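Numbering (my numbering), first residue to last: 2 to 57.
This is how it looks when you write it as C-alpha cells:
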C-alpha cells in the first residue's frame, strides 16, 4: 500500500501538457518520422539499384 500511495503522490506532481502542446508535438513527430522514412527509402533505392550492381 505504501508504494501505491507514493505513486499517487508522484502522479499529483506531474505537469501534463495541454491540448495545444500535445497537438504541436504530435505534428512534429509525424513530420520527422516522414522525413526519416523518405530518406531511408531514398538511400535504400539508391543502394539497391546502383550500389549492389557494381559489387556483383
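Virtual Cβ for every residue (Gly too), placed ideally from N, Cα, C.
Just so we're clear, the structure is a prediction, and the values are computed from it rather than from any experiment.
- Residue 2 and residue 17 have their C-alpha atoms roughly 25 Å apart.
- Here residue 34 has no same chain residue with a Cβ atom under 7 Å from its own Cβ, once five neighbours each way along the sequence are excluded.
- Rounded to the nearest whole angstrom, the CA to CA distance from residue 25 to residue 40 is 23 Å.
- Distance between residue 21 and residue 51, taken at the CA atoms: about 45 Å.
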